[in-house]
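Heads up, the thing below is written out as structure tokens.
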Amino acid sequence: MNANVIESKWNWRKLLTTTRGYLVLLIFGVVFLVPFYWMFATALKGSEQLFQLPPAWVPKPLVWENFAQVFEEVPFGRFLTNSVVLVVWNVVGQVISCTLIAYGFARLRFPGRDALFLVLLATLMVPRQVTLVPQFILFAKLGWVNTYLPLILPAFTGSPFLIFLMRQYMMTIPLDLDEAATIDGASRLQILRHVIMPISVPALILVAVFTFTDVWNDFMGPLIYLNDPEKFTVSLGLSFFQGAKETSWHLLMAGSLMSMIPPMILFFLAQKRLLGGLAATGLKG
Amino acid sequence: MKANIVQTWRGMSVSKRREAIAGYVFISPWLIGFIVFIAGPMLASFIISFTRWNIVSDPKWVGFANYERIFTADNDFIQALKVTFKYAVIYLPTFTIIGLAMAMALNAKIKGVGVMRTLLYLPYVVPGIAATLVWVWVLNSRYGLLNTVLAWLGIEGPNWFGDPKSALYGIVMIGVWGVGGSAVIYLAGLQNIPEHLYEAAIVDGASEWQKFWHITIPMLSPTIFYQLVMGLIGVFQTFTSSFVATGGGPLKATFFYMLYIYNKAWESLRMGYASALAWILFAIILLITLLVFRSSAMWVHYEAERK
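Those protein sequences? They're chains H and L, same order as listed.
Here the first sequence stands for residues 1 to 285, numbered as in this note's numbering.
Here the second sequence stands for residues 1001 to 1307, numbered as in this note's numbering.
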């Protein structure tokens, strides 16, 4: 009987904790996800429904044409292509450079290596604004303003955070593998290509995903370097759209919604790796 | 140091030298990038900060004139600092507390929690510009979602981005919406706390609050510390939300430091002045980061640390 009392008490406790858990999650869910709903609902409203009072929760009728309308009002297709071009170049650049650089730091011995790696970590703390102006002047003097070069070239020198990520990953691969391959007569590049890279695929995916989102979401870079609307990215195009059509909120929301689809799809595809990888490094602000 | 390297070099075998050369070759993309895109520009920016330069004509050396003006006769500088600091003071604690709370909610061992982890992370991957536009619309004083909900409760919502008193809080909301990115990191930290610590605390009769305060917080403190440092650097770079939502207004209530640098460099083309502003900010960030690091010995608890 005594055991029964304890058991029922235990169940009550458990029920209480579970209920409380769901309640808290529900509150977080509502607060953080309702803006998505609001964006979606607005994107489906006709312009006459926008300024109704009180605002309607469910648009009637549902104006799906808004999404097509965005492509007519601004060259949204062009913006999408431009963003994709930039993303592809940056991913290629980061994957190549981070692999090479991380390999050097993780698996080769050379004088000054650790000091240089510390320098690399220190650059993580240098705020962007300090280098922004002289970088702009440099690219301006080279005549590269209003081209994609300033937004692509730096990727080929590797981002410190991504190099760090790759290096940490490569440090966990046993050195015996390299030695065995060396005995078989493989060169360093061959070892990197055929031994290290296949094992590093999870880290490489992280590098690609982070680069994709960073470049896709970047606003300031394109704002500073691009003048010609034909060259705008999605982010920059949206702000340009907002400046021109302050009141077309249904179209602005439709455009915003479309702009977030690619990073979201990517996140869903990579989420296991992404969240696991973040946990492993404990980094990324 | 240099002599040292030369000596080590002489003492190395041929294969070791080869390895070292290969090492330098492999890291050379970073070295080049470091010199061309970071170290070089930093040095250049420092020199430029002592000139007057609109890029088109030749730079003119003005000595400390830019710095002198900034510190003695520039109200915008004071305003930009005020706004940025006020934002840091409101945003960082809010962001940390909500991030921790969210992580703890997501750490509950209940069904469906995995889906919620994904959903609450989503705002973090939304492009800054889209997040800003959504919130400008949500916070619209007449037709916005928030004021509609407030009206149900009988509260008359403020004019958010239209009122200097509330505009900065609107920017805070845009930032806090992306807290999922930080919550996931805290969650990983929470899951690394050994269960036996809590079990021992239960045996000792500790309350929930005591467990949180004496186990969870100390064990998470290195993560909190790292997130705070990164958050601090992020605060000083806040740009997109204020640029798009308010343009720094109304009455410069959201005139962030980064926005000021942008205005000086790309609207007035005053590269020297903008560089001086950037260096002052860099010095401030360094100083604050240093203080945070110094203070960390008092509150950050490292499990593997030996005293």
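Every residue, glycine too, gets a C-beta built ideally from N, C-alpha and C.
Three-way DSSP call (helix, strand, coil) for residue i in this model
i: H/LYS231; result: helix
i: H/TRP64; result: coil
i: L/ARG1018; result: helix
i: L/THR1051; result: strand
i: L/TRP1061; result: strand
i: H/LEU53; result: coil
i: L/ASN1140; result: coil
i: L/GLN1237; result: coil
i: L/ASN1147; result: helix
i: H/THR328; result: Beyond the ends of chain H as shown, which are 1 and 285, falls residue 328 of chain H; an answer cannot be given.
i: H/PRO202; result: helix
i: L/GLU1068; result: helix
i: H/TYR225; result: helix
i: H/THR172; result: coil
i: H/ILE163; result: helix
i: H/ASP114; result: helix
i: H/GLY237; result: helix
i: H/VAL195; result: helix
i: L/TYR1262; result: helix
i: H/SER259; result: helix
Minimum C-alpha distance to residue i - residue among the options
i: L/LYS1264; options: L/GLY1063, L/LYS1252 and L/LEU1277; result: L/LEU1277
i: H/VAL34; options: L/LEU1187, L/TRP1137 and L/ILE1215; result: L/TRP1137
i: H/ARG188; options: H/ILE101, H/TRP57, H/VAL70 and H/PHE71; result: H/ILE101
i: L/PRO1164; options: L/ILE1174, L/ILE1035 and L/THR1254; result: L/THR1254
i: H/GLN49; options: L/TYR1124, L/SER1015, L/SER1295 and L/GLY1144; result: L/GLY1144
i: H/GLY221; options: H/PRO202, H/LYS272 and H/PRO154; result: H/PRO154
i: L/PRO1127; options: H/ARG167, H/VAL234, H/LEU175 and H/ILE183; result: H/VAL234
i: L/LEU1122; options: H/VAL63, H/THR172 and H/PHE36; result: H/PHE36
i: H/TRP249; options: L/THR1008, L/ASN1140 and L/LYS1060; result: L/ASN1140
i: L/ILE1027; options: H/VAL119, H/TRP89, H/GLY29 and H/PHE71; result: H/VAL119
i: L/THR1094; options: L/ALA1108, L/ASN1147, L/GLN1227 and L/ARG1010; result: L/GLN1227
i: L/VAL1149; options: H/THR42, H/VAL31, H/VAL209 and H/LYS14; result: H/VAL31
i: H/SER256; options: L/ILE1090, L/PRO1194, L/VAL1134 and L/GLY1112; result: L/VAL1134
i: H/PHE161; options: H/GLN135, H/LEU121 and H/ALA186; result: H/LEU121
i: H/MET125; options: L/VAL1229, L/SER1045, L/VAL1056 and L/SER1296; result: L/VAL1229
i: L/VAL1300; options: L/THR1216, L/VAL1235, L/GLY1249 and L/ALA1283; result: L/THR1216
i: L/ALA1103; options: L/ALA1188, L/TYR1262 and L/LEU1153; result: L/ALA1188
i: L/ALA1274; options: L/MET1012, L/VAL1025 and L/SER1049; result: L/SER1049
i: L/GLN1237; options: L/PHE1282, L/SER1207, L/GLY1205 and L/LEU1251; result: L/PHE1282
i: L/GLY1249; options: L/THR1118, L/VAL1235 and L/GLY1162; result: L/GLY1162
i: L/MET1173; options: L/TRP1160, L/ILE1280 and L/ALA1020; result: L/TRP1160
Length of the line joining the Cα atoms of residue i and residue j
i: H/MET1; j: L/GLY1114; result: Low confidence applies here, because H/MET1 scores a pLDDT of 46, under 50, leaving its location unreliable; read the following figure in that light. Those two C-alpha atoms are separated by around 38 Å.
i: L/THR1240; j: H/PHE156; result: 25 Å
i: H/GLY104; j: L/ALA1022; result: 8 Å
i: H/THR247; j: H/PRO55; result: 15 Å
i: H/LEU335; j: H/GLY237; result: For residue 335 of chain H there is no data in the structure shown, the boundaries of chain H being 1 and 285.
i: H/VAL84; j: H/MET258; result: 14 Å
i: L/GLY1272; j: L/THR1289; result: 26 Å
i: H/ALA203; j: H/MET260; result: 24 Å
i: H/LEU177; j: H/MET170; result: 12 Å
i: H/PHE210; j: L/ILE1233; result: 19 Å
i: L/VAL1125; j: H/PHE71; result: 23 Å
i: H/PHE267; j: H/ILE205; result: 11 Å
i: H/SER152; j: H/VAL91; result: The question names Ser, yet the displayed sequence has Ile at residue 152 of chain H. C-alpha separation (whole angstroms): 9 Å.
i: H/TRP216; j: H/VAL95; result: 16 Å
i: L/ASN1066; j: L/THR1051; result: 8 Å
Bounding residues of the alpha helix (DSSP H) (the contiguous stretch that carries residue i)
i: H/GLN135; result: 128-141
i: L/LEU1291; result: 1271-1299
i: L/HIS1196; result: 1195-1203
i: L/PHE1255; result: That residue, L/PHE1255, is in no alpha helix (DSSP H); it is neither H nor E in DSSP.
i: H/GLN190; result: 188-191
i: L/SER1013; result: Premise fails: L/SER1013 is in no alpha helix (DSSP H) and is neither H nor E.
i: L/GLY1170; result: 1167-1177
i: H/TRP89; result: 76-107
i: L/ASN1075; result: 1075-1106
i: L/SER1182; result: 1180-1191
i: H/ILE152; result: 149-152
i: L/LEU1122; result: 1113-1125
i: L/TRP1209; result: 1208-1211
Proximity test, residue i beta-carbon vs the ligand HEM heavy atom, cut-off 7 Å
i: L/ASP1058; result: Judged by which ligands are present, the structure shown has none, so any question about the ligand HEM falls away.
Proximity test, Cβ basis, 8 Å: residue i and chain B
i: L/ILE1280; result: Checking the listed chains, one finds no chain B in this structure; the protein chains it contains are H and L.
Any chance the stretch 1241-1248 of chain L sits against the stretch 1214-1227 of chain L, with 3 or more Cβ pairs inside 8 Å?
no
Are three or more beta carbon pairs between the stretch 187-207 of chain H and the stretch 1067-1076 of chain L nearer than 8 Å?
no
With a threshold of 8 Å, are at least 3 pairs of Cβ atoms found where one atom belongs to the stretch 1165-1185 of chain L and the other to the stretch 1093-1102 of chain L?
yes
Cβ pair count under 8 Å reaching 3, the stretch 1028-1046 of chain L against the stretch 122-135 of chain H
yes
Does the contact criterion of 3 or more C-beta pairs under 8 Å hold for the stretch 224-233 of chain H versus the stretch 73-82 of chain H?
yes
With a cut-off of 8 Å, do at least 3 Cβ pairs link the stretch 1151-1168 of chain L to the stretch 1083-1094 of chain L?
yes
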